[in-house]
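To start, the structure under review is shown below, and the notes come after it.
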Amino acid sequence: MAANAFDTEISETAEAMTGPWRQPRQMLHAQVYDAHASIHDDATAQKLGFRGGTIEGPTHFSQFAPLGARLWGQAWFESGCLSAHYRNACFEGEEVQAIMSKPLPGTSQCQIQMVKRDGTEVLRGTASVGDVPVATALEVRLGELKPLTDPVILRDVKVAQTSKRQTVRMALDQNMGDLYPFSLRQKLAVITENSPYYSSADNSWGRPIIPMEMLSVLFQYRSKDDPLPAKGPAVGLFADQEIRLVKGPLFVDEEYDVEREVVALSGSRRTESAWMRTRVFDRAGAVVATMLLNMATLKDSYAPFEEEYRRLYGDAAR
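Numbering that gives the first Met the number 0 puts the sequence shown at residues 0 to 317.
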């Protein structure tokens, strides 16, 4: 059945599959985050040194879906996983291409990469199906993290903090709020790889399913109802993201419960990062999907950062 999921042209060699060049669309110009515009707003992004509003990372996941379906068939929609480290921002009008290596015989995990025309790497990571015995790209990264020292923005955030459970759903014409000011129908009008599976019941499950890139939207939909005690306003961006289907697919207009847990805190010269694991439950209480997300907050976007740093740690610490 999965053979008719996509009509995407795929180039294939013995080692890898490559999708076509695509120009992803930016749908978050109007996103409101912490009561201000986000990294996806041109003016905000330019103030922080970016060329313009960035394409949100999970938008790129759609270009890997036809490759996963070609490689693994229906299993891709039921237990597929994409685990990616975002390496460079992509901007509207740029062309990008998804590349998926073929797994070694007897294994069900492989490497993925997305590149721009000039060879710039947008993301790299792994794709897999089922219960894989080896670590995903982000599981490896979690084990190698540089711990967050001298936190300012995240100083009140603690590992193992867990949110309250929230009920979420995504109907076809439902506007997904301040964080995602558009509907699934609007997304499907511009998605890089559309599928009849997303808007009709003509599939193995007899119901429209939610595209993997929109699972990120669903899981984050109510995150600001129970936010982390981070200092702000400040601008954050997705630096790493893994979406794993455990008992998929997830369906349009179905209710799910989500809860988030801080699983790690890390830092770099420019950012403070909270790594959140979201668990998604069906109405019977079974885990149907998980997401690991590194929300990296730009230190320069938090106006009193330097002043608070000196107050907390003194001049010598930095």
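For each residue, glycine too, the CB sits at the ideal point set by N, CA and C.
Query                                                                                                                                                                              : Result
For F90, which of Q25, R140, A4 has the nearest alpha-carbon?                                                                                                                      : Q25
Measure the C-alpha to C-alpha separation of K163 and E94 and round it to an integer number of angstroms.                                                                          : 40 Å
Thinking just about the alpha-carbon of each residue, which of T166, Y301, L81, Q62 is nearest to the one in L292?                                                                 : L81
I need the straight-line Cα distance from D224 to L171, nearest angstrom please.                                                                                                   : 22 Å
Could you have a look at R309 and say whether DSSP puts it in helix, strand or coil?                                                                                               : helix
Could you name the residues of the same chain whose beta carbon sits closer than 7 Å to that of S100, not counting the 5 residues immediately before and after it, in chain order? : E14, A15, C109, Q110
Just list the alpha helix (DSSP H) runs in the stretch 104 to 172, keeping only unbroken ones of 4 residues or longer that don't cross its boundaries, in chain order.             : 136 to 142
Assuming Q185 is part of the alpha helix (DSSP H), what are its boundary residues?                                                                                                 : 183 to 187
With H, G and I counted as helix, E and B as strand and the rest as coil, what does DSSP make of G266?                                                                             : strand
Tell me where the alpha helix (DSSP H) around A200 begins and ends.                                                                                                                : No alpha helix (DSSP H) holds A200; DSSP gives it neither H nor E.
For H39, does the count of other Cβ atoms within 10 angstroms reach 16, so buried, or fall short, so exposed?                                                                      : A caution first: H39 carries a pLDDT of 43, below 50, which makes its placement in the model unreliable, though a value can still be read off. Classification of H39: buried, given that the 10 Å Cβ count is 16 or more.
So S82 is in the alpha helix (DSSP H); what residue range does that whole segment cover?                                                                                           : That residue, S82, is in no alpha helix (DSSP H); its beta strand (DSSP E) goes 79 to 85.
Per DSSP, which one or two residues make a beta bridge with W20?                                                                                                                   : Its beta-bridge partners do not exist; DSSP assigns none.
Report the residue from Y197, F237, P195, A273 whose alpha carbon sits nearest the alpha carbon of P226.                                                                           : A273
Less than 6 Å between C-beta atoms, sequence neighbours within five positions excluded: which residues of the same chain meet that for S10?                                        : T17
Can you tell me where the alpha helix (DSSP H) holding R69 begins and where it ends?                                                                                               : 60 to 71
Can you give the Cα-Cα distance for A126 and Q219, rounded to whole angstroms?                                                                                                     : 22 Å
Could you check which residue in D256, G124, Q173, W71 has the C-alpha nearest to that of E241?                                                                                    : G124
Below 8 Å, how does it come out for the stretch 245 to 255 and the stretch 202 to 213: are there three or more Cβ pairs, yes or no?                                                : yes
Can you tell me which residues form a DSSP beta bridge with R259?                                                                                                                  : T277
How far does the alpha helix (DSSP H) with L217 in it reach, from first residue to last?                                                                                           : 211 to 219
How would you call F5, buried or exposed, if buried means at least 16 neighbouring beta carbons within 10 angstroms?                                                               : buried
For H84 and A238, I'd like the C-alpha separation in whole angstroms.                                                                                                              : 6 Å
Using only the alpha-carbon positions, how far apart do A64 and K145 sit?                                                                                                          : 32 Å
Buried or exposed, going by whether 16 or more other CB atoms sit within 10 Å of the CB of T135?                                                                                   : buried
D239 by DSSP, collapsed to three states: which one?                                                                                                                                : strand
For M294, I'd like the list of residues in its chain whose CB is within less than 6 Å of its CB, leaving aside the five on either flank, ordered along the chain.                  : G235, A273
With distances taken between CB atoms, is the gap from D155 to P228 smaller than 8 Å?                                                                                              : yes
Are there 16 or more other CB atoms within 10 angstroms of the CB of L103, so buried, or fewer, so exposed?                                                                        : exposed
What's the C-alpha gap between P180 and G105?                                                                                                                                      : 43 Å
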